[in-house]
């Protein structure tokens, strides 16, 4: 990492790292057969496919958080929702 703590550059580097890791993850998972995806994982009641889906959605969540951290303050506010 070359950016300084608290800088947008550092957060962008993290985004790039997460994207690269996600791409490696997808390439590795692509090698699994249908039977491999349906096989049990090390987690009770979870197949390997369940674990892959969970990790994949975690990548999306990390990217959302990192991009939110680099967004301008006005973009971080959620719109007011009408009451009732």
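Residue numbers (the working numbering): 275 to 358.
Built from N, CA and C at the ideal position, the CB exists for glycine as well.
Here the structure is a predicted model, which is why all the values come from computation and not from measurement.
- Under the Cβ criterion (8 Å, minimum of three pairs), the region 324-336 counts as touching the region 301-315.
- Annotated as distal: residue 342 and residue 289, with beta-carbon spacing of 8 Å or more.
- From the listed residues 308, 312, 335, the smallest Cα separation to residue 293 is found for 335.
- Note on residue 283: under 16 other CB atoms within 10 angstroms of its CB, so exposed under the neighbour-count rule.
- Around the Cβ of residue 285, a 10 Å sphere holds 16 or more other Cβ atoms; the residue is buried.
- A check of alpha carbon separations from residue 308 across 322, 346, 333, 287 identifies 322 as the nearest.
- At the C-beta level, residue 296 and residue 333 come within 8 Å of one another.
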